[in-house]
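Engineer: Going by numbering that gives the first Met the number 0, the sequence shown opens with residue 0, and the numbers climb by one from there.
From the three backbone atoms N, C-alpha and C, an ideal C-beta is built for every residue, glycine too.
Nothing here was measured: the structure is a model prediction, and the numbers come from that model.
Pasting a structure below so you can have a look.
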Amino acid sequence: MTGDYNPSSTGFDERVVKRIAGLTQIINVKTRGNAILVWCLTNAKKSFFQQVQLPQLGTSDHNTILIKTRIPRPQKPDNRPISKRDLRYSSLRRFGQWISSYDWSPVLHVHDCDLKFHKFHDIIENMVDKFLPITRTK
0 MTGDYNPSST
10 GFDERVVKRI
20 AGLTQIINVK
30 TRGNAILVWC
40 LTNAKKSFFQ
50 QVQLPQLGTS
60 DHNTILIKTR
70 IPRPQKPDNR
80 PISKRDLRYS
90 SLRRFGQWIS
100 SYDWSPVLHV
110 HDCDLKFHKF
120 HDIIENMVDK
130 FLPITRTK
């Protein structure tokens, strides 16, 4: 939350806002004459580390403040291999052609529900691995 709150003329009390919202004032350089009238209230105080007082902008009687943030260190790249299935259109099309032309009678003739499921699952699993193989990349 930033702005020129000019507490002496507005009656706006920084302490009340900070207490209610749990914010911290981070501006510590003069913004007009010898006073700090501009506030920058934040809940991420540790993210900001340097403030630079710049000249007044245009006809303003307030100095401009440049606030520099901490730049997080780049994280190490994740070099673990990534596994993904080949889902290109051509591969899906070949799988679709196979599944729509497959003779399912060996599965349909099994009477035991569990055996039927396992037979169906084994066929599908093998054909998915055949037509849509998993590839590993870095």
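1) Taking the CB atoms as reference points, tell me whether Gln50 and Ile66 lie closer together than 8 Å.
2) Would you call the stretch 69-81 and the stretch 111-125 touching, i.e. three or more CB-CB distances under 8 Å?
3) Please report the distance separating the alpha-carbon of Leu40 from that of Gln74.
4) With distances taken from CA atoms, which of His108, Gln96, Ser89, Leu36 is nearest Asn62?
5) Quick check on the DSSP output: the beta strand (DSSP E) that includes Leu65 runs from which residue to which?
6) Excluding sequence positions up to five away, which residues of its chain have a Cβ less than 7 Å from the Cβ of Ser46?
7) How should Thr58 be labelled, buried or exposed, when 16 other C-beta atoms within 10 angstroms of its C-beta is the threshold for buried?
8) Would you list the one or two residues that DSSP bridges to Ala34?
Structural biologist: Checking against the coordinates, here is how it stands:
1) On the sequence shown, position 51 is the one that residue 50 refers to. On the sequence shown, position 67 is the one that residue 66 refers to. Taking the C-beta atoms as reference points, Ile66 is found nearer than 8 Å to Gln50.
2) Counting Cβ pairs under 8 Å, fewer than three are found: no touch.
3) Within the sequence shown, numbered from 1, the residue matching residue 40 stands at position 41. Within the sequence shown, numbered from 1, the residue matching residue 74 stands at position 75. If you draw a straight line from the Cα of Leu40 to the Cα of Gln74, it is about 29 Å long.
4) Residue 62 sits at position 63 when you count from the first residue of the sequence shown. That would be Leu36, whose Cα lies nearest to the Cα of Asn62.
5) Residue numbering aside, residue 65 sits at position 66 when the sequence shown is read from its first letter. Boundaries of the beta strand (DSSP E) harbouring Leu65: 62-68, taken from the DSSP string.
6) As a working mapping, residue 46 is identified with position 47 in the sequence shown. Leaving aside the five residues that flank Ser46 on each side, the residues in its chain whose CB is nearer than 7 Å to its CB run, in chain order, Thr68, Arg69.
7) Taking the first residue of the sequence shown as 1, we reach residue 58 at position 59. Thr58 should be labelled exposed.
8) Here residue 34 refers to the residue found at position 35 of the sequence shown. Here Ala34 is bridged, per DSSP, to Arg31.
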